[in-house]
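Shown next, in structure tokens, is the structure this report addresses.
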Amino acid sequence: MKVYNTDKGIVAQLEEQYFLAPAIDWDKFVNRDDISTNAPSEIRGWQSITKDVFATYSLRPPIGTQEVWAAGVTYLRSRDARMEESKDSGGDTFYDKVYEAERPEIFFKSTPHRVVTTNNNVRIRKDSSWNVPEPELTLFITSAGKITGYTIGNDMSSRSIEGENPLYLPQAKSYDGSTSIGPCIYFPERPIPAETEIAIEITRGEKTMFVASIAINRMKRRHDELVGFLYRECSFPTGCFLMTGTGIVPANDFTLASGDVITITIDHIGTLVNTVE
Ligand code: DO4
Ligand code: MG
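Residues in the sequence shown are numbered from 15 upward in steps of one, following the working numbering.
Here you go:
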């Protein structure tokens, strides 16, 4: 089951059928541990709409009042890229330590008002010279701490600010237009398969500037391990989102430019497309 937030209300997709609920509260609907098993029978009582009608709706970020958090240095490629970018500041040693440590890196990424979705613009900071997207499988976790859903996340990042000093991480990561999630939340009956692939393409005009993919089983940490740390001393009354870190970082000579189109696809979930403002 996939659930979309639209200008007309919540749309649920069951296989190839679409159903609209104009007046259901997003937070209440998504924050339930039994959503994948019990919601489909309720949804079949909603208003049935065609795929063509759904295509005329405007998608909103699939978020209500939830916070977005992010895990970092969960893949080897991320560890190596951060070590390179921060070696002049002496910050490189933090990254190999956190990759091996019991406690993962988890940071606050975004309040809902900073979140955009597919077909919206993402932003790069005006005071940053080196910028990349980070394509990340993103978990939806209920207030009870159960991972029930998955979406696609783009953890837009300033490598120049983060590389200057690891203490600048919040400025490198959290700013208007730095967070894209969507296009839907995918609520499967079983956890997403370990072989699930994340793929990214960055185009500039007609030219493909970067293309890469990675399977989520290349991640060093388990999803429940990350959630366990996040929920240790934080409560989330309506659930929350957790980006699980990137395994894809472009080479050091690449930086995003205004007009670039970032396309991220994750098996089973769909495609998230954003243009850099
Ligand atoms: O430590 C810096 C951020 C790491 C990150 O965002 C990632 O690995 O995805
Ligand atoms: Mg990241």
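Just so it is clear, CB atoms sit at the ideal spot from N, CA and C, and this is done for glycine as well. Predicted, not measured: the structure shown is a model, and the values here were computed from it.
Applying a distance threshold of 5 Å between residue Cβ atoms and the heavy atoms of the ligand MG selects Glu148, Asp169 and Thr260, given in chain order. Between the ligand DO4 and the CB of alanine 158, the shortest heavy atom gap is not smaller than 7 Å.
In this structure, the ligand DO4 has no non-hydrogen atom nearer than 7 Å to the beta-carbon of alanine 37. Taking 7 Å as the cut-off, the C-beta of serine 171 counts as close to a heavy atom of the ligand DO4. For tryptophan 83, the three-state secondary structure derived from DSSP is strand. Residue environment for glutamine 31: exposed (fewer than 16 other C-beta atoms within 10 angstroms of its C-beta). Per DSSP, methionine 170 is not a residue of any alpha helix (DSSP H), being assigned neither H nor E. A direct Cα-Cα distance of roughly 18 Å separates alanine 208 from alanine 226. Straight-line spacing of the CA atoms in glutamate 220 and phenylalanine 250 works out to 43 Å.
Within its own chain, the residues whose Cβ lies closer than 6 Å to the Cβ of valine 87, once the five positions on either side in sequence are excluded, are Arg93, Tyr109, Val112, Tyr113 and Glu119, listed in chain order. In the DSSP assignment, valine 112 falls within the alpha helix (DSSP H) that extends over 106-114.
A contact between stretches requires three or more CB pairs, one per stretch, nearer than 8 Å, and the segment 187-206 meets this requirement with the segment 122-133. When C-beta atoms of the segment 58-74 are compared with those of the segment 185-193, fewer than three pairs fall below 8 Å, so the two segments do not count as touching.
The C-alpha of alanine 26 lies about 49 Å from the C-alpha of glycine 104. The segment 153-229 contains, as complete alpha helix (DSSP H) runs of 4+ residues, the segments 173-178 and 183-187 (chain order). Of the other Cβ atoms in all chains shown, 16 or more fall within 10 Å of the Cβ of glycine 253; this residue is therefore buried.
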